[in-house]
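Before any comments, here is the structure.
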Amino acid sequence: MTQADDFGFGTQIRKSPYFDATLRWGAKGFSVYNHMYIPRDFGNPEQNFWNLVNDAILCDVAVERQVEITGPDAARFVQMLTSRDLSKMAVGQCKYILITNAEGGLLNDPILLRLGQNHFWISLADSDILLWAQGVAVHAGLDVTIDEPDVSPVQLQGPKSGKIMQALFGDSILDLKYYWLRELELDGMPLLVSRTGWSSELGYEIYLRDSAHGDALWERIMAAGAPFGLKPGHTSSIRRIEGGMLSYHADADAKTNPFELGLDRLVNLDIEADFIGKAALRRIKAQGPSRKQVGLILDGAPLQGPNTAFWPLQKDGVTIGKVTSAIYSPRLENNIALAMIASEYAGLGTQLTVLTKAGARSATVVERPFYDPNKKIAASETTLL
């Protein structure tokens, strides 16, 4: 690919403002996420992992589209969409939330950002929540405006990310706390910065609020990061599975409920608000989930890449679930996986058989996340140079 114009499937799949820059910086392959291209290959994925955990990487995640909700009833409307109690959410705060349908199934697990008293962004995983929110609003009887703004995030992730942010924005950026945001400018470019990211490492998301500056912002960050070993990269499957982070459509979908995923803390059934799915989630909690997500260690030689199909899981020859995400972790020196299985087999130490395309492997149910279970790395304090 010598020219950006040579790459693509047509105009119906959108390109991010950073698309040309990622090609210049070595992107070799793309996937499609929220109807947009996302770089998924900058060479060796294991090297990308080590770049992330040892130094820092810059990722084009403009595919994390924003659903902007404004208007006098914005706060009430956003609470309708999620099971998490938002009553104490401050302006300038971010929260990881779940959006469920009437049956309690998961439609998205986004980050919610509160920019003002009546101004929210829902920063999306891969599903059409803009259409869902606009449809809900039709009959909600609330005064809200819902749209997709011109906002395109990049992720700066890894232990050196704080020093790079300091070089870009000055010492005051180090006061930004985990899951909080700040509106800033850089060389005249309008930005919002949050202490969030899809890596389980120390990191920041930089939301560009004018796509015309995509190329300039990418080059500015890469230049500031060069002394700290910053590399272009892609969201690491190795690190996100180590951290037990969900990939929507892989580990969860509209038929998956929060209790199966162990996300009970994000379901506040005692709040006054009648959020979508509340009655169904009450029933599921009372009955107990019939399935549970577990971590697995898979025996055998290192996997050569992530699974590209759901692998059946068996106990005594009977299929009791499926592997949803699997990878080899060079740091843990193990094949690790997330799986959804019948609840009665979810006990730690349970021995199972995985039917991969290359043959059967034995597997053991283990704790997840596999690394840094208390998120101490991502939430750690940043320090001055």
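All residue numbers for the sequence shown refer to the numbering used here, where the first residue is 47 and numbers rise by one.
Just so you know, even glycine gets a beta-carbon here, dropped at the ideal spot from N, CA and C.
Proximity below 8 Å, CB of Leu-327 to CB of Val-313: yes
Exposed or buried, which one is Gln-58 when buried takes at least 16 other CB atoms within 10 Å? exposed
Check the C-beta distance from Pro-304 over to Ser-129 and give it rounded, since I have them as a contact under 8 Å. 7 Å
Report buried or exposed for Val-109, applying the criterion of at least 16 other Cβ atoms within 10 angstroms of its Cβ. buried
Could you say which of Ala-213, Leu-220, Ser-245 lies nearest to Phe-95 if we only look at CA atoms? Ser-245
On a Cα-Cα basis, can you pick out the residue from Asp-101, Gly-249, Leu-127, Leu-232 that is closest to Thr-428? Gly-249
Since Trp-71 contacts Val-113 with CB under 8 Å, what's their CB separation in whole angstroms? Not a contact, Cβ separation roughly 29 Å.
Does the Cβ-Cβ distance between Lys-301 and Gly-151 come in under 8 Å? yes
DSSP beta-bridge partners for Ile-103? Gln-203, Lys-277
Do the stretch 54 to 69 and the stretch 250 to 265 meet, that is, are 3 or more Cβ pairs less than 8 Å apart? yes
From Val-411, Ile-330, Glu-379, Lys-331, residue whose alpha carbon lies closest to that of Ala-347: Glu-379
Along the chain, where does the beta strand (DSSP E) containing Leu-227 start, and where does it finish? 227 to 232
Can you name, in chain order, every residue of its own chain whose Cβ lies under 8 Å from the Cβ of Gly-446, other than the five neighbours on each side? What the structure shows of the chain is the stretch from 47 to 431, and residue 446 is not part of that stretch, so it cannot be assessed.
DSSP on Asp-87, reduced to helix/strand/coil? strand
Anyone know if the C-beta pair for Met-126 and Ile-322 falls short of 8 Å? yes
For Gly-279, tell me which candidate among Pro-91, Tyr-79, Gly-54 has the shortest Cα-Cα distance. Pro-91
Is the separation between the beta-carbon of Glu-288 and that of Met-386 shorter than 8 Å? no
Tell me whether Arg-407 is buried or exposed, calling it buried when 16 or more other Cβ atoms sit within 10 Å of its Cβ. buried
Decide yes or no for the touch test of the stretch 259 to 269 against the stretch 183 to 197: beta carbon pairs closer than 8 Å, at least 3 of them. no
Please look up how many angstroms separate the CB atoms of Glu-247 and Val-107, rounded, as I've assumed it's under 8 Å. Not confirmed; about 14 Å, so no contact.
Sequence-distant residues of the same chain with beta carbon closer than 7 Å to Gln-139, five excluded per side: Arg-160, Tyr-225, Trp-226
Endpoints, alpha helix (DSSP H) assigned at Ala-120: 120 to 127
Would you kindly check if the distance between the Cβ of Phe-274 and the Cβ of Gly-341 is under 8 Å? no
Would you identify the three-state DSSP class for Ser-133, choosing helix, strand or coil? coil
How big is the Cα-Cα spacing for Val-239 and Ala-171? 18 Å
Take the Cβ of Leu-394 as the centre, count every other Cβ of all protein chains shown within 10 Å, and call the residue buried at 16 or more, exposed below. exposed
Report the residue from Ile-143, Gly-75, Thr-68 whose alpha carbon sits nearest the alpha carbon of Phe-55. Gly-75
Measure the C-alpha to C-alpha separation of Ile-366 and Asn-381 and round it to an integer number of angstroms. 20 Å
Measuring straight from C-alpha to C-alpha, what distance separates Lys-331 and Leu-222? 36 Å
Please list the segments of the beta strand (DSSP E) lying wholly inside the stretch 295 to 358, counting only runs of 3 or more residues, in order along the chain. 337 to 344
Going by other Cβ atoms of all chains shown within 10 Å of its Cβ, with 16 needed for buried, is Ser-207 buried or exposed? buried
Just to confirm, are Ala-102 and Gly-216 a CB contact at a threshold of 8 Å? no
Who does Trp-96 pair with in a DSSP beta bridge? The partner list for Trp-96 (beta bridge, DSSP) is empty, contrary to what the question assumes.
From which residue to which residue does the beta strand (DSSP E) around Thr-396 run? Per DSSP, Thr-396 belongs to no beta strand (DSSP E) and is neither H nor E.
For the candidate residues Gly-405, Gln-350, Ser-375, Gln-333, whose alpha-carbon lies nearest to that of Leu-359? Gly-405
Three-state class that DSSP yields for Asp-193 in the structure shown: strand
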